[in-house]
Amino acid sequence: MRRTRSVAGRGRQTSEPGTGQHTRPGNPVEVVDAGRQPRARAGRRLRPDRRRRERPGRPRMDPRDMWSEALAGVLARPVRSALTTLGTVLGIGTLVITIGVASTAANQIVGRFDALTATSVAVTVPPPRPGSDGPPLVDWSGVQAVERLAGVVSAAALAESDGTRNVQVRANDVVAPGELTAQTLAVVAAGPTLPAAVRGTMVTGRFYDAGDIARHERVAVLGDQAARLLGIDDVRDAPAVFFRGQSFTVIGVLGGFRREQRLSTSVILPPTTAADRMGLAHVTQVLVNTSLGAARQVARQAPIALSPGKEDALTVVAPPDLSKARKGVQGDVNGLFLVLGFVSLVVGAIGIANVTLVTVMERVGEIGLRRALGASRRQVAGQFLAESTTIGLLGGVIGAALGIVVVVCVAGVKDWTPVLDLRLALGAPPVGAFVGLLAGLYPSLRAARMEPVDALRAPS
Amino acid sequence: MRGHSTAAAPFGKPPDTETVIELRAVCRTFDSDPPVHALRDVDLTVRRGEHLSIVGPSGSGKSTLLNILGLLDRPTSGSYRIDGVPTGALSDLERTALRGSRIGFVFQSFHLLPYRTVDENVMLAEVYRVPRPGRGRRTRAERAREALARVGLGHRIGFQPGRLSGGERQRVAIARALMGEPALLLCDEPTGNLDSENTDSVLALFDELQSQGMTLLVITHDDTVSRRATRRVRIRDGRLGQESA
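Chains as they are written, first to last, in UniProt numbering: chain V, 1 to 460; chain G, 1 to 245.
If you want it as structure tokens, here you go:
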């Protein structure tokens, strides 16, 4: 339709030379072939002089004028505009609160098990196959190789066996009838670095040292629970414990276990002594503590350091990947509320579309007037789009602000550290504006489609 | 037609710059069943500085003529030049631009935006056009106040339209039309919503504008209004008949 007309128009102009360009002095308005669709214009790119002369023939609007017209339209009915923004405020607010609270909570949860497990690595050594008499997979001195690894804070080797898991231990050698003094405790062997490796402290006395081990001393250290069960609370008078018909001098009590809490109910012997007297010769577990963030690397390297060439035989227990854990928590919390946020955003968009449509219908006269004043369809549509976008933007800003306040309040009440992605705060207003833009599409199309003749009949 | 009619001039000859409107054999038919011939073979020439009134009863084709003159509608056949520019071949966009730059509309119902001040309403005339030299955005408010002063409303600057009388509102609308420096002031029943006192004030303003050289085309059914024109044209059943003032 437009095409045909334009061709016909050009034909007529060539038959009427000069009339098309006719202008009156002081009124330099050109109307030759201006305002074609871009497709039609593209073919004429090669004639820049002509294009330049065409330009005044098109309606033109300063962006500042567009903005001030849209703002005036929004502010003309302030209460209605405020109520219209509510939908977007709720939608954006819900999204910000959901994401913000989730990331805050996730940070909190992850932070909690950071301190405990994120730096703990345990290497389990399988028992030697019966009948094999080769060297053990892991030697007691292998721990020193682990300690040299970058990121290792402390490490200790541990020997346990089924045979020493339940040992009747007594605090004295006198068997009194009717009095049950024997306790069933586990007996383990451990390297001298055990207190650091379990992040414990000596409640009393001292832990055995390399000298005690080298001399095969018959000494023992009790876990704090074991000491209580046995009634030993002081080692200054060198109490003894008896089991399997042998006596061991208690030189200290180890307490405050932060890991391997089971050791608090055990009797801990030097490796040499345990090998001699209890048959606990083989290392079954190596406890490693790493600095934060080094756990995964240490978990990979420790088996190689402990047992070069046979590292595959060892089992490593390493903390879960932190970032994965955080994402997991966020995923759990977010799902439902994200859906809720999107639903309210959609409802908000429908609200904006609805009200903008009503506004368009109320302002038919105004649309006619603007068309009479020289506004093109596109400019009329642009104004209503700008109005709905402004409302959406406003909703986005208010929603983001409210959401952030709520997240901070929730964190404050729960004594958490609020964690908010900056992108979330900065991204919410554009999202709101985009919602407004989408919502305004149909109403502004309706406004643009109105014929000025019909529109002018409506009261302004 | 009178002596200054260009009907005798062959079509296609460049029109002289003193002609603002030139309708040649304009017909407008609405496709309904049966078809409505709202305008039949209308010839009309309006010279610069003329005050022309078009009188006719309702249903005579007044509104259709106004819509065509205001570039709001296209004739079914015939040609229409405004300010020497043939409009038949123009696209919608070009007609819109031409409308914004050459025609000042004055409506029966004023069409003022109720939520904007009087000055803002007047300034609206320049929003949709390329600023002419010396008439930039910065001086717009000043020029709006000048236009208001020109229609005798210098004391109403900053008012909301709702606080003005009908006559004052129509004068604001006229100021808005003048703001665009149009070649033609196209008035559609400008006093239709006004009492006699306000009608007089608006008509006095028309006289004053005409004495300043403005071209006025007033469509009305009111004889007191049409009598003030320098030339009267009667329209009946879509045909124009000359009547001397």
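We put the beta carbon where it would ideally sit given N, CA and C, even for glycine.
Neighbourhood of Thr390 of chain V by C-beta, 6 Å cutoff - its chain only, sequence neighbours within 5 removed:
Excluding residues within five positions, the ones whose Cβ falls inside 6 Å are Ala70, Val74.
Looking at Arg228 of chain G: is its Cβ nearer than 9 Å to the Cβ of His51 of chain G?
Yes, the Cβ-Cβ distance between Arg228 of chain G and His51 of chain G is below 9 Å.
9 Å Cβ cutoff met for Ala381 of chain V and Ala447 of chain V
Ala381 of chain V is a Cβ neighbour of Ala447 of chain V, given a cutoff of 9 Å.
What residues of chain V sit near Tyr80 of chain G, judged by a beta carbon separation below 8 Å?
Here the premise fails: no neighbours, minimum Cβ distance about 13 Å.
Neighbour flag for Ser388 of chain V against chain G, beta carbons, 9 Å
Nearest CB-CB separation between Ser388 of chain V and chain G: not below the 9 Å threshold.
The alpha helix (DSSP H) spanning Met278 of chain V covers which residue range?
That run of the alpha helix (DSSP H) goes 271-278.
Determine the chain G residues that contact Asp62 of chain V at a beta-carbon separation under 7 Å, and present them in chain order.
Within 7 Å Cβ-Cβ: Arg137.
Is there a Cβ of chain G sitting closer than 9 Å to that of Gln379 of chain V, yes or no?
When Cβ-Cβ separations below 9 Å define contact, Gln379 of chain V makes contact with chain G.
Identify every residue that forms a DSSP beta bridge with Phe342 of chain V.
DSSP, once it has assigned bridges, lists no residue as partnering Phe342 of chain V.
Proximal residues of chain V, C-beta to C-beta of Ala125 of chain G below 7 Å:
The answer, in chain order, is Leu373.
Measure from the C-beta of Leu178 of chain G to each C-beta in chain V and report whether the shortest distance is under 9 Å.
So no, Leu178 of chain G is outside the interface.
Beta-carbon of Pro452 of chain V versus every beta-carbon of chain G: anything under 9 Å?
By this cut-off, Pro452 of chain V is an interface position.
Just to confirm, is the Cβ distance from Gly252 of chain V to Leu222 of chain V under 9 Å?
Pairing Gly252 of chain V with Leu222 of chain V gives a Cβ-Cβ distance under 9 Å.
Asn67 of chain G versus chain V: which residues are under 9 Å apart at the beta carbon?
Listed along chain V, the residues sitting closer than 9 Å to Asn67 of chain G by beta-carbon distance are Pro452, Val453, Leu456.
Bridge partner(s) assigned by DSSP for Thr417 of chain V:
In DSSP, Thr417 of chain V forms no bridge with anything.
Who pairs with Phe243 of chain V in a beta bridge, going by DSSP?
Phe243 of chain V pairs with V:Gln246.
How far does the beta strand (DSSP E) with Phe30 of chain G in it reach, from first residue to last?
Segment 19-30, the beta strand (DSSP E) holding Phe30 of chain G.
So that I know if they touch, is there some Cβ in chain V lying closer than 9 Å to that of Gly192 of chain G?
Put simply, the CB of Gly192 of chain G is far from chain V, with every gap to its CB atoms at 9 Å or more.
Mapping DSSP to helix, strand and coil, what is Asp41 of chain G?
Residue state, collapsed to three classes: strand.
Is Ala72 of chain V near Tyr128 of chain G, with beta carbons less than 9 Å apart?
By the CB criterion at 9 Å, Ala72 of chain V and Tyr128 of chain G fall outside the cutoff.
Per DSSP, which one or two residues make a beta bridge with His51 of chain G?
As DSSP reads the structure, His51 of chain G sits in a beta bridge with G:Leu216.
Let me check one thing: in DSSP terms, what residues is Cys187 of chain G bridge-paired to?
Its beta-bridge partners are G:Val106, G:Val218.
Thinking Ile404 of chain V and Val96 of chain V are a contact (beta carbons under 8 Å), I'd like their distance in whole angstroms, please.
So it is a contact: roughly 6 Å between Cβ atoms.
Just tell me which of G:Ala89, G:Val122, G:Gly154 has its CA closest to the CA of Ala144 of chain G.
Looking only at G:Ala89, G:Val122, G:Gly154, the smallest Cα-Cα distance to Ala144 of chain G is reached by G:Val122.
Relative to the ligand SAM, is the shortest distance from any of its heavy atoms to the C-beta of Val127 of chain G smaller than 8 Å?
With respect to small molecules bound, the structure shown includes none, and the ligand SAM cannot be examined in it.
How should Trp140 of chain V be labelled, buried or exposed, when 16 other C-beta atoms within 10 angstroms of its C-beta is the threshold for buried?
Under this definition Trp140 of chain V is a buried residue.
Is Ala313 of chain V near Val125 of chain V, with beta carbons less than 9 Å apart?
Taking 9 Å as the Cβ cut-off, Ala313 of chain V and Val125 of chain V qualify as a contacting pair.
State buried or exposed for Ser247 of chain V, treating a residue as buried only when at least 16 other CB atoms are found within 10 Å of its CB.
Under this definition Ser247 of chain V is an exposed residue.
Secondary structure at Arg236 of chain G, three-state DSSP: helix, strand or coil?
In this structure, DSSP gives Arg236 of chain G an extended state, which the three-state scheme calls strand.
Does Gly93 of chain V come within less than 9 Å of chain G when only Cβ atoms are used?
So, not an interface residue.
Would Gln242 of chain G be called buried (16 or more neighbouring beta carbons within 10 Å of its own) or exposed?
By the 10 Å Cβ count, Gln242 of chain G comes out exposed.
Of all Cβ atoms in chain G, is any one closer than 9 Å to the Cβ of Ala349 of chain V?
For Ala349 of chain V, the answer is no, since every Cβ of chain G falls outside 9 Å of its Cβ.
Whether Ala147 of chain G touches Gly374 of chain V by CB criterion (9 Å)
No, the pair does not count as a contact, with Cβ atoms beyond the cut-off.
Any C-beta of chain V under 9 Å from that of Val36 of chain G
So no, Val36 of chain G is outside the interface.
Considering Cα atoms alone, identify which of G:Val26, G:Pro182, G:Gly59 is closest to Leu216 of chain G.
Ranked by how close their Cα comes to the Cα of Leu216 of chain G, the residues G:Val26, G:Pro182, G:Gly59 have G:Pro182 in first place.
Buried or exposed: where does His155 of chain G fall if 16 or more other Cβ atoms within 10 Å of its Cβ makes it buried?
It counts as exposed.
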